[in-house]
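Input: a single structure, listed below in C-alpha cells.
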Amino acid sequence: MKNVFVAGHRGMVGAAIVKQLESRDNVKIITRTRTELDLTSQQAVSAFFADNIIDEVYLAAAKVGGIYANNTYPAEFIYENLMIEANIIHAAHMNNVQKLLFLGSSCIYPKLAEQPMTESALLTGTLEETNEPYAIAKIAGIKLCESYNRQFGRDYRSVMPTNLYGPNDNFHPENSHVIPALLRRFHEAAQRGDNEVVAWGSGTPMREFLHVDDMAAASVHVMDLDNDTYQANTQSMLSHINVGTGEDCTIRELVETVAKVTGFSGDIRWDTSKPDGAPRKLMKVSRLHALGWKHTYNLEQGLQHAYDWFLANQDNFRG
Numbered sequence: 002m003k004n005v006f007v008a009g010h011r012g013m014v015g016a017a018i019v020k021q022l023e024s025r026d027n028v029k030i031i032t033r034t035r036t037e038l039d040l041t042s043q044q045a046v047s048a049f050f051a052d053n054i055i056d057e058v059y060l061a062a063a064k065v066g067g068i069y070a071n072n073t074y075p076a077e078f079i080y081e082n083l084m085i086e087a088n089i090i091h092a093a094h095m096n097n098v099q100k101l102l103f104l105g106s107s108c109i110y111p112k113l114a115e116q117p118m119t120e121s122a123l124l125t126g127t128l129e130e131t132n133e134p135y136a137i138a139k140i141a142g143i144k145l146c147e148s149y150n151r152q153f154g155r156d157y158r159s160v161m162p163t164n165l166y167g168p169n170d171n172f173h174p175e176n177s178h179v180i181p182a183l184l185r186r187f188h189e190a191a192q193r194g195d196n197e198v199v200a201w202g203s204g205t206p207m208r209e210f211l212h213v214d215d216m217a218a219a220s221v222h223v224m225d226l227d228n229d230t231y232q233a234n235t236q237s238m239l240s241h242i243n244v245g246t247g248e249d250c251t252i253r254e255l256v257e258t259v260a261k262v263t264g265f266s267g268d269i270r271w272d273t274s275k276p277d278g279a280p281r282k283l284m285k286v287s288r289l290h291a292l293g294w295k296h297t298y299n300l301e302q303g304l305q306h307a308y309d310w311f312l313a314n315q316d317n318f319r320g
C-alpha cells in the first residue's frame with residue numbers, strides 16, 4: 002500500500018488526480034484542506050511530512066487566476082507559489098520521499114516561442130508580461146525538482162499542461178477562463194432564448210485545450226514510469242514533459258462547438274474591435290507520446306462532459 006499525498010486536492014487538477022487514484026487498490030490517498038495545512042508555512046509543512054508516512058507526492062497546489070488577477074496581485078502570485086513548492090519539495094526530501102510530481106503551466110515558455118512549443122524552448126526568451134511572476138514561480142518549481150534529483154538522487158518529475166477545462170473548473174462570470182466563461186454565457190443565452198451572442202475578436206487565433214481528466218491520467222502515467230524510461234526520454238536539466246493534445250482549433254471552432262453543446266441556436270457575432278491575443282499557442286507533445294500516453298477526449302466530447310458537470314453544479318455558480 003502506497004501513501005500518496007495530493008497537495009491541492011480541491012482544485013480542478015488535484016480533484017481529477019484524486020479521482021484517478023481512488024480506483025487503485027494499492028493507494029491510500031492523503032489530503033489536507035487549506036485550513037488544515039497552510040502550504041506557505043515551512044514549519045507547518047515540515048511538521049506534516051514528519052507526522053505522516055508518505056511515499057509519493059502530487060504537487061497540484063498553486064495560487065492561480067486569470068490575466069486580471071495576475072496583473073493585480075503579482076507579489077502574491079510569485080510569493081505564494083514559490084513558498085508552496087519550496088516547502089513541499091524540501092520537506093519531501095528531508096523526510097526521504099523519493100517520488101514527487103510537480104505540475105506546472107504552459108506559461109513557462111517565452112511569449113514569442115516557436116510553435117508548437119517544445120520543452121527545449123524553456124528559458125530561451127522573454128516571458129509574457131501579464132503572468133511573468135506566476136511563470137517564474139513555475140520555472141523555479143521545475144528547477145527545484147531537477148536540483149534535488151542532481152544533488153540527492155531524488156526522482157522528482159515535472160509536467161506542464163496546456164489550457165485545461167472540465168469538472169471543478171471556475172465558472173465565475175468575470176474571473177473564469179475561456180471555456181467555462183463561454184459555456185456559461187452560451188448556456189444562459191440559450192435559456193433566455195437570445196437571438197445573438199457576441200464573441201470577442203476575429204475567431205482566427207488557434208488554441209489547444211485538454212480535458213482535466215486526461216491531464217490527471219497523464220500525470221499518473223508519468224509518475225508510474227520506471228526511472229530508466231523516464232530518464233531515457235528526458236534530460237537532467239530539461240526534465241519537464243509537456244502535456245496536451247498536440248492538436249489545436251480556432252477560437253471560432255471552439256465557440257461554434259460550445260454553441261452546439263449548450264443548445265444555442267441563435268447567431269454568433271464577432272466583435273473585431275476586441276483583441277485576438279497571440280495568433281497560436283500549441284504544445285509539442287512528442288515526448289509524452291514517446292512515453293506511451295495520448296489523450297482520450299476530443300473537443301466536443303470534452304466540452305459536453307464539462308457542460309454536464311456545470312448543469313449538475315450550477316446552483317454553486319449563481320450570481
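Using our numbering, the letters of the sequence shown correspond one by one to residues 2 to 320. Glycine included, each C-beta is placed from N, C-alpha and C at the ideal position. This structure is a prediction, so every number in the text was calculated from the model and none was measured.
Give me, in chain order, the residues of the same chain whose beta-carbon lies closer than 7 Å to that of residue i; leave out the 5 immediate sequence neighbours on both sides.
i: Q99; result: R155 and D156
i: K64; result: E77, F78, E81 and N82
i: V213; result: M13, V14, A17, L165, Y166, G167 and P168
i: T263; result: L184, F187, H188, A191 and Y308
i: D39; result: A45
In or out: residue i buried (at least 16 other Cβ within 10 Å) or exposed?
i: K1; result: Past the edges of the chain, shown from 2 to 320, lies residue 1, and the structure says nothing about it.
i: E130; result: exposed
i: M238; result: exposed
i: T273; result: exposed
i: Q315; result: exposed
i: H241; result: buried
i: I54; result: exposed
i: P134; result: buried
i: A291; result: exposed
i: D26; result: exposed
i: M2; result: exposed
i: P162; result: buried
i: Q236; result: exposed
i: D268; result: exposed
i: A217; result: buried
i: E37; result: exposed
Spatial neighbours of residue i within its chain, please: CB distance less than 8 Å, with the 5 preceding and 5 following residues excluded, ordered by chain position.
i: N176; result: G66, G67, Y69 and A70
i: V19; result: V7, H10, I30 and T32
i: T205; result: T251, I252, R253, D277 and P280
i: I137; result: I79 and L128
In the structure shown, what three-state DSSP assignment does residue i receive?
i: N132; result: helix
i: H173; result: coil
i: K144; result: helix
i: F103; result: strand
i: W294; result: coil
i: H94; result: helix
i: R155; result: coil
i: F265; result: coil
i: N243; result: strand
i: R11; result: coil
i: M216; result: helix
i: N299; result: coil
i: L165; result: strand
i: Q236; result: strand
i: D309; result: helix
By Cβ distance, which residues of its chain are closer than 6 Å to residue i, with the 5 residues on each side in sequence left out?
i: R281; result: Q116 and M207
i: G9; result: G15, A61 and A62
i: Q43; result: N88
i: D170; result: M13 and P181
i: N317; result: none
i: D56; result: K3 and N4
What separation, rounded to the nearest whole angstrom, lies between the Cα atoms of residue i and residue j?
i: V221; j: W294; result: 10 Å
i: D299; j: D52; result: First, the amino acid is wrong: residue 299 is Asn here, not Asp. Computed Cα separation, rounded: 43 Å.
i: I252; j: A141; result: 31 Å
i: R35; j: C108; result: 25 Å
i: K194; j: R185; result: Residue identity check: residue 194 is Gly in the sequence provided, not Lys. Their backbone Cα atoms lie some 14 Å apart in a straight line.
i: H188; j: E147; result: 44 Å
i: L123; j: P111; result: 7 Å
i: D215; j: L102; result: 16 Å
i: M118; j: E257; result: 26 Å
i: H306; j: Q152; result: 43 Å
i: L304; j: Y149; result: 39 Å
i: A93; j: S121; result: 27 Å
i: A114; j: G126; result: 7 Å
i: Y59; j: L283; result: 25 Å
i: M84; j: S106; result: 17 Å
i: L255; j: Y74; result: 30 Å
i: V199; j: L22; result: 41 Å
i: E301; j: L104; result: 25 Å
Checklist entry - Touch check for the stretch 223-238 and the stretch 179-193: three-plus C-beta pairs under 8 Å? => result no
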